Structures are given as C-alpha cells and as structure tokens.
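A short write-up of the structure that comes next.
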Amino acid sequence: MSSGSTPALSAFSAVSTANLQPEAVCLAKLDKIYLDLLHATTSQIKQKDELIESFKQSDFVQSGNSLHSARYETLICEICSSIVIRKGADSTWTETQFELPLPRQNKNVDHTQKESVSGFWSIIDMYTFENVGFTHAVDGIKYLTCADCEFGPIGYVDSSTKLCLLAPVRLKVKEE
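What follows is the structure, given as structure tokens:
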C-alpha cells in the first residue's frame, strides 16, 4: 500500500485481509472505520455550515446601487452627514423585514405612512453608535433617529430582544 493512503483505507485493507482473524476483531475494525468516516464527514459539514453562516452575516448588503457594510464602511445620515456608526462596529446582518414609518409624511393623510424595509444591522450595545437618538415608544416601538438632525426613523429597537436594528437603506456610506 502507498504511503499516501488515508487511515480509513488502510484500516479497510487490514479488515479485508483479516479473514483468518476472529469475527469480533473484524467488527471492531469496521466500527473504527465507520467512526473515522463519520467524524471526517461531520467535520467537513460543520466547516461548510460555519462558512455559510459567516458569509450570511458578514460582508455585503445591497442598498440602492452600492454595496456596503457596517463592518467595513462608516454609515452616515443622508441629510446632515453626521456619523451614525463607524466602520468596524460590532454588528450582525439580519434579513428581518419591518414596517418603518416614512421619514416624510404627507400632511393630508390621517394615518402614519409606512414602508416595508428588509435587511438590518443588528447592534447589541446602544453605545456602539456615534450619533443616534431614540424616540419615546410609539405604539410600543422605539425608533432610531439621527441625533443631530432628527432624521428618521433609521431603525428601531426590537422590544423582545432589546437589539437595535439599523436600516442601511435609510443611510449613506461615508466617502473616505
């Protein structure tokens, strides 16, 4: 057998030539082969699952015509250009969908106009932000706004998890 054989194959070769050995020894060797293959397969699946999960949560988000990431780019208010969150901030991408009130409401409408927004940066610690204001609860929901010009909402606070969810579609990327 060549030196490049895998442990499972060399164990299999030992089992296939073990016709003179007791049946229990053969079964033990087969069990070892099975466990080695199971471990190798499970490890590979786990690595692939971890890679898929890190890809989902990490890099890029489509917003308008530009790709950007709270991890790699500073996000600013689209009105006053105040920094909302700096690049490298601890955040996780989530595909949550939520109805955010429109930043500009029509005067002749008797209800709050909303739009469905998909995709948010989830921030655990509110002190991660640079310039974010928090509204009083409106219908049980606290919204995030620009602390300097009060533009918003640019996100909301999830009442069940207390996570701050920031909508990149309501912000711009700072040109560096």
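The sequence shown begins at 1 in our numbering and counts up one residue at a time. Glycine included, each C-beta is placed from N, C-alpha and C at the ideal position. Keep in mind it's a predicted model, so treat the numbers as computed, not measured.
{"Query": "Do residue 129 and residue 165 have their C-beta atoms closer together than 7 Å?", "Result": "no"}
{"Query": "Should residue 73 and residue 138 be called a contact, given that it needs their Cβ atoms to be closer than 7 Å?", "Result": "no"}
{"Query": "Quick check: what's the CA-CA separation for residue 57 versus residue 93?", "Result": "Confidence at residue 57 is low in this model, with a pLDDT of 47, below 50, so the placement of that residue is unreliable and no value is reported for it."}
{"Query": "Are residue 101 and residue 112 close, meaning C-beta to C-beta below 7 Å?", "Result": "yes"}
{"Query": "To the nearest angstrom, report how far apart residue 142 and residue 155 are at their CA atoms.", "Result": "9 Å"}
{"Query": "Please tell me whether residue 79 and residue 134 are closer than 7 Å, where the distance is taken between their beta carbons.", "Result": "no"}
{"Query": "Taking only the alpha-carbon atoms, compute the straight-line gap between residue 144 and residue 132 and give it to the nearest angstrom.", "Result": "6 Å"}
{"Query": "Specify, as a first and last residue, the run of the beta strand (DSSP E) that residue 213 falls within.", "Result": "Not covered by the structure: residue 213. The range shown for the chain is 1 to 176."}
{"Query": "On the criterion of 16 or more Cβ atoms from any shown chain inside 10 Å, does residue 91 qualify as buried, or is it exposed?", "Result": "buried"}
{"Query": "Out of curiosity, what's the CA-to-CA distance linking residue 22 and residue 41?", "Result": "29 Å"}
{"Query": "So is residue 24 buried or exposed if we call it buried at 16+ other beta carbons inside 10 Å?", "Result": "exposed"}
{"Query": "Provide the residue(s) that pair with residue 118 in DSSP beta bridges, ordered along the chain.", "Result": "97"}
{"Query": "Tell me the rounded alpha-carbon separation between residue 43 and residue 163.", "Result": "32 Å"}
{"Query": "Is the CB-CB distance between residue 99 and residue 116 below 7 Å?", "Result": "yes"}
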